[in-house]
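Take the sequence shown: its letter number 41 is residue 41 in UniProt numbering, and every next letter is one higher.
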Amino acid sequence: MATASTIINMASKEIGVKETGVNNVKYNTEYYGRAVNGENYPWCAVFVWWVFKHAGASALFCGGAKTASVYEVWRYYNSLGRVYNTPKVGDLAIVSTNNGGTYGHVGIVKTVTSSEIITIDGNSGDAVRTSKRSIGGRKMSFCRPAYGSSDGGSTGGNLSMGSSGTDVRDMQRKLIALGYSCGSAGADGVFGQGTYDAVCRFQRTYGLSVDGIIGPATRAKINSLYSRL
1 MATASTIINM ASKEIGVKET GVNNVKYNTE YYGRAVNGEN YPWCAVFVWW VFKHAGASAL
61 FCGGAKTASV YEVWRYYNSL GRVYNTPKVG DLAIVSTNNG GTYGHVGIVK TVTSSEIITI
121 DGNSGDAVRT SKRSIGGRKM SFCRPAYGSS DGGSTGGNLS MGSSGTDVRD MQRKLIALGY
181 SCGSAGADGV FGQGTYDAVC RFQRTYGLSV DGIIGPATRA KINSLYSRL
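Structural data, given as structure tokens:
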């Protein structure tokens with residue numbers, strides 16, 4: 001199961017990779033299925049997509065969708081209530097490119113202090129580089145993927161994207177009975193995007209922290225409501 005460390009480690013291995021033309025870089029080649037060149041192919045969001053894909057965590061980036069648009073990255077996480085004003089390691093930092101606040105760049109937060117963050121950015125000076133930014137400086141917001149915190153294999157533990165087994169199936173079955181579809185696969189025992197979306201909807205309905213993780217509070221609420229059926 002992917003964690004913030006998994007993503008940061010993958011991104012860190014790419015530091016120093018450079019374009020060989022105008023936006024002609026391996027991340028774009030894989031994204032578009034062919035080599036591209038020109039100003040129409042910015043690749044900061046494509047780099048993030050590539051990192052999550054090669055870390056085996058595609059579903060954590062925009063629900064598994066492909067996008068080269070920084071705005072679409074922000075819009076996806078905002079729709080789930082997962083955009084924040086303060087950063088955490090592993091967040092996707094959305095950075096404005098002008099004083100008007102237009103969101104034009106995205107990087108992966110590597111470290112956080114009280115006054116600044118360091119991000120790993122694609123398409124930064126035509127390469128993958130680290131960047132230091134002051135918190136409270138240029139306008140930023142932080143999109144937070146639902147990273148896993150346990151293997152989810154034992155009953156009673158946290159369940160999150162990538163977990164599987166009988167405990168996941170039991171929670172899926174209860175969510176479905178409560179009116180929260182887990183997607184076309186149903187109660188298949190695999191915590192994928194459909195289950196993640198169902199958990200987020202459930203958490204939002206009942207005023208729980210919307211993180212897409214079945215932790216103690218979410219599990220207790222599911223079990224309590226299910227017991228009344």
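Beta carbons are placed, not taken as given, at the ideal position from N, Cα and C, and that holds for glycine. All values reported here derive from a predicted model rather than from experimental measurement.
Checklist line | DSSP-derived helix/strand/coil call for residue 133 | finding: Reading the sequence shown from its first residue, position 133 is the one you call residue 133. Assignment of residue 133 by DSSP, reduced to helix, strand and coil, places it in the strand class.
Notebook entry, point to check: Per DSSP, residue 105 forms a beta bridge with which residues?
Noted result: Reading the sequence shown from its first residue, position 105 is the one you call residue 105. Partner(s): 95.
Margin query: Quick test of the definition: if touching needs 3 or more C-beta pairs under 8 Å, does the stretch 202-214 touch the stretch 165-184?
Written below: Yes: at least three Cβ pairs fall under 8 Å.
Check: Tell me which same chain residues have a C-beta within less than 7 Å of the C-beta of residue 124, skipping the five on either side of it?
Finding: Taking the first residue of the sequence shown as position 1, residue 124 is located at position 124. Closer than 7 Å at Cβ, skipping near neighbours: 131.
Item checked: Own chain partners of residue 37 with C-beta closer than 8 Å, once the 5 adjacent residues on each side are dropped -> Sequence index remark: in the sequence shown, residue 37 carries index 37 (1-based). Here the set comprises 21, 22, 23 and 24.
Next item on the list: Give me whichever residues DSSP pairs with residue 142 in a beta bridge.
Entry: Numbered from its first residue, the sequence shown carries residue 142 at position 142. DSSP, once it has assigned bridges, lists 84 and 93 as partnering residue 142.
Check: Taking Cβ to Cβ, would you say residue 220 is nearer than 7 Å to residue 208?
Finding: In the sequence shown, residue 220 corresponds to position 220, counting from 1. In the sequence shown, residue 208 corresponds to position 208, counting from 1. Contact: no.
Notebook entry, point to check: Which term fits residue 154, buried or exposed, when burial requires 16 or more other beta carbons within 10 angstroms of its beta carbon?
Noted result: Here residue 154 refers to the residue found at position 154 of the sequence shown. Low local confidence applies: a pLDDT of 39 at residue 154 is under 50, so the model's placement there is unreliable, with the coordinate-based value given in what follows. By the 10 Å Cβ count, residue 154 comes out exposed.
Notebook entry, point to check: Since residue 117 sits in a beta bridge, which residues does DSSP pair it with?
Noted result: As a first step, residue 117 is located in the sequence shown; it is residue number 117 there, counting from the start. In the DSSP assignment, the residues bridged to residue 117 are 112 and 133.
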